[in-house]
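Written below as structure tokens is the structure these notes are about.
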Amino acid sequence: MSFEGDTPPTKRKRTTHACDSCRQRKSRCNGARPMCDVCMGMGFECHYQDPAKRRASAANTNYSSPLEGRLEVMETLVRELLSKSNQRQVPETPWTDSVSIAEMQMLEAPTSEMRLYTDSVDGMCAITFAGESVSGYFGPTSSSAFFSKIIHATREIHSAVGSHARPAPVISKPPSPPAEEMLGDQVEGLGGNGLRNPFFLPPSQDVMRLVETFFAHTGRLFPYLHLGAIIEFNNVPRPADPNRVNRARLCILNMIMAFASIHSPSKSSSIVDKLSRGNVFFYRALYILRSMQPTDVTLESVQATLLVAQYVQGTQRSAQTWSIASSAIYGALQIGLWRQPTVEGLGMSPLEAEVRKRTWWMCYMIDKMCSMTFGRPPIIPNSYMDCELPLDVPLESLAINAERKTAKRPASTISGARLFLETSKLNTILGQVIEKLYGGNLDRSPSPRLSQQLQDVLGIDQQLAEWKCGLPAGLEILKGTNIIDIDLHSSSESLRFRVVMSLRYHSLTTLLHRKVLEWLLECSGSTMSGPGITDFLHTVINGSIDMCINSARDTISVISSILDHHILLPIWWYSVYYGIKAVI
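In the numbering used here, the protein residues as written are 3 to 586.
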């Protein structure tokens with residue numbers, strides 16, 4: 003019997019029949035061209051390797067065998083790291099995108115594509131973002147600006163002492179080189195991200211499963227989307243017609259599926275698989291968002307942009323966060339979301355009025371978050387927020403009840419709406435800190451006198467104390483001293499809300515009293531011992547520094563206590579920011 007016409011040709015034909023994407027994922031491929039069924043369904047780019055190239059590579063086996071050995075070692079190391087990450091239950095959030103996706107792309111994507119997701123950072127915190135050609139600006143409230151003041155004060159101390167020890171080395175360098183390609187160009191073509199049909203929608207039942215996951219996690223923390231409206235969005239014919247489909251609604255659905263894919267309760271999927279699925283939906287939404295006309299702004303387009311901005315916060319595309327959030331805010335201003343329907347008689351139902359109100363407050367919150375993080379002037383000043391606060395009422399009950407008074411929850415229940423309400427109040431205090439103490443991040447000089455700064459600090463601190471006293475039972479602030487007495491294994495929703503609220507409070511307290519510490523870093527030693535600093539001012543300054551240090555310690559204690567209970571803080575990138583800020 004001859005073996006030349008049977009098994010070897012069949013095996014070789016089956017191997018070359020699979021596309022590169024299915025071969026890397028070890029998935030069953032039907033070999034359809036130009037795109038197989040798997041790549042069509044998942045939205046991946048479908049390529050078939052040229053047999054001629056495979057024969058050429060086989061001829062160079064002796065040359066490439068050392069490289070293959072090194073590659074196997076690297077792959078083994080990556081698999082071990084990812085396996086350990088799964089065993090430790092690394093938080094399943096977009097923050098992991100900066101590590102896990104980079105590791106996955108190292109095996110699947112060319113180097114030129116992977117370079118698009120990396121921000122260049124020089125030694126003095128002057129950052130060139132991915133997709134930008136110039137360095138980004140970090141103003142007074144940013145952690146990098148505070149760190150620069152620490153470095154400057156340290157150098158001043160060394161120069162004043164005049165010791166023979168070598169001074170601290172200059173760690174700055176020329177501006178980092180910009181990325182070779184723009185993220186916008188990549189999304190425009192959608193080739194580099196493995197997307198061929200950005201308007202593809204999974205079956206309705208699959209979408210609803212992800213929608214339920216979203217509203218059980220992220221949707222509980224930011225309740226500005228109505229479940230009933232999302233169900234209506236899902237009633238779109240498949241396949242979606244790009245010329246007729248509502249792109250804002252399609253973008254919202256993709257972002258909900260992106261968040262839900264990452265927060266999926268499935269234990270059978272690894273973190274890399276969840277992030278890979280989430281990013282497929284994210285890139286579809288990003289493409290759709292860029293294709294929408296800026297003049298056709300609606301409530302739904304603002305909500306879609308907010309979701310994209312929230313997702314980007316957890317990735318390395320930090321510059322994109324600022325630009326996308328700004329687009330959402332300007333869209334909200336364009337359609338007048340700040341107007342009060344109940345006062346101005348806009349003729350809306352209680353549900354529609356509340357959704358508009360919460361969307362406007364969400365714009366305000368993300369504006370304050372970006373302003374505080376980047377140290378840039380806020381787009382929405384506090385004077386724009388002379389409007390009603392969000393209601394402590396679930397949107398579902400507003401859809402059922404015509405009268406607001408019949409839609410209220412029992413006072414003993416801590417809902418996502420109450421967390422959103424208290425966060426809205428806290429952000430108004432954050433706005434005062436940015437405007438009064440940090441000059442709106444405009445970096446004006448000269449700074450106000452110390453007595454004026456201390457007066458502002460004490461006034462805002464009193465507002466924080468009053469806000470803290472007004473928190474309902476079950477939402478009290480956690481500290482390093484009382485978190486050890488709490489059963490963290492319960493993983494209840496109220497405990498999760500309490501953890502989130504505590505970290506937000508401690509972050510604001512640290513920023514508030516950090517201003518006094520900055521003044522001490524900038525003033526000379528003779529200033530503190532001069533006649534202008536009375537014993538009372540000494541007491542106030544020392545008390546403010548203690549508050550700053552204690553809040554930073556409480557932040558670190560809370561985060562370290564819940565490391566093994568990541569369900570208590572699903573929006574994980576916030577805790578990373580809070581932790582770094584507290585350590586500095």
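The beta carbon of each residue, even a glycine, is placed where N, CA and C say it ideally should be.
Linking S271 to P474 through their CA atoms gives a straight-line distance of about 38 Å. Taking Y386 as the centre and dropping the five residues before and after it, the same chain places the C-beta of W340 closer than 7 Å to its C-beta, in chain order. The DSSP-derived three-state label of G441 is helix.
Cβ contact annotation for S29 (same chain, cutoff 7 Å, sequence separation greater than five): V40, in chain order.
Setting aside the 5 residues that flank it on each side, T323 is surrounded in the same chain by A311, V314, Q315 and C372, each with a C-beta closer than 7 Å to its C-beta; the list follows chain order. The C-beta of Q454 has fewer than 16 other C-beta atoms within 10 Å across all chains shown, which makes the residue exposed. Beyond the five residues adjoining it in sequence on each side, A155 comes within less than 8 Å, by CB distance, of L523 and E524 in the same chain, given in chain order. DSSP, reduced to helix, strand and coil, places G280 within a helical segment of the structure shown. Distance from the CA atom of L277 to the CA atom of L229, rounded to whole angstroms, is 24 Å. Secondary-structure assignment with DSSP links G221 through no beta bridge to anything.
Per the C-alpha coordinates, the member of S509, E234 and R27 positioned closest to T425 is S509. S144 and G476 do not touch by the CB rule: their CB atoms are close to 34 Å apart, not below 8 Å.
For V299, same chain residues with a beta-carbon under 6 Å away, outside a window of 5 residues either side, are G333, Q336 and I337 in chain order. Boundaries of the alpha helix (DSSP H) harbouring Y366: P352 to F376, taken from the DSSP string. Between the beta-carbon of C253 and that of L227 there is about 12 Å, and that puts the pair past the 8 Å contact cut. L391 is the residue among E520, L391 and L353 whose C-alpha sits nearest the C-alpha of W363. Going by DSSP, T307 is part of the alpha helix (DSSP H) stretching over L301 to V314.
If you draw a straight line from the Cα of S562 to the Cα of L460, it is about 30 Å long.
In this structure, the CA atom of Y507 is about 31 Å from the CA atom of S303.
In the three-state DSSP reduction, G461 falls in the helix class (H, G or I). In this structure, K517 places its C-beta atom within 8 Å of the C-beta atom of L439. Ranking S546, K359 and L400 by CA distance to the CA of D388 puts K359 first.
In the DSSP secondary-structure assignment, G333 is not bridged to any residue. Around the beta carbon of C550, 16 or more other beta carbons lie within 10 angstroms, which makes this residue buried.
Cα atoms of F217 and S417: separation of roughly 13 Å, rounded to the nearest angstrom. Just measuring C-alpha positions, the residue of F283, V282 and T307 sitting nearest M294 is T307.
Taking a contact as a CB-CB distance under 8 Å, the pair L466 and I431 counts as one, their CB atoms being some 6 Å apart.
No residue range can be given for R30, since it is assigned to no alpha helix (DSSP H) and is classified by DSSP as neither H nor E. Pairing M37 with C24, the inter-Cα distance amounts to about 11 Å. Straight-line measurement puts the Cα of N256 at about 10 Å from the Cα of A250. Per DSSP, the unbroken alpha helix (DSSP H) holding Q434 starts and ends at G418 to Q434.
Non-local beta-carbon contacts of I326 in its own chain, meaning distances under 7 Å to residues more than five positions away in sequence, involve T307, V310, A311 and V314 in chain order. Taking C-beta separations shorter than 7 Å and ignoring five residues to either side along the sequence, the partners of L423 in its chain run L391, P392 and D394, following chain order. In its chain, beyond the 5 residues on either side, R500, V501, S504 and V560 have a beta carbon closer than 7 Å to the beta carbon of L480. Classified as buried, M367 has 16 or more neighbouring CB atoms from the shown chains inside 10 Å of its CB.
P343 is positioned such that its CB atom lies closer than 8 Å to that of A355.
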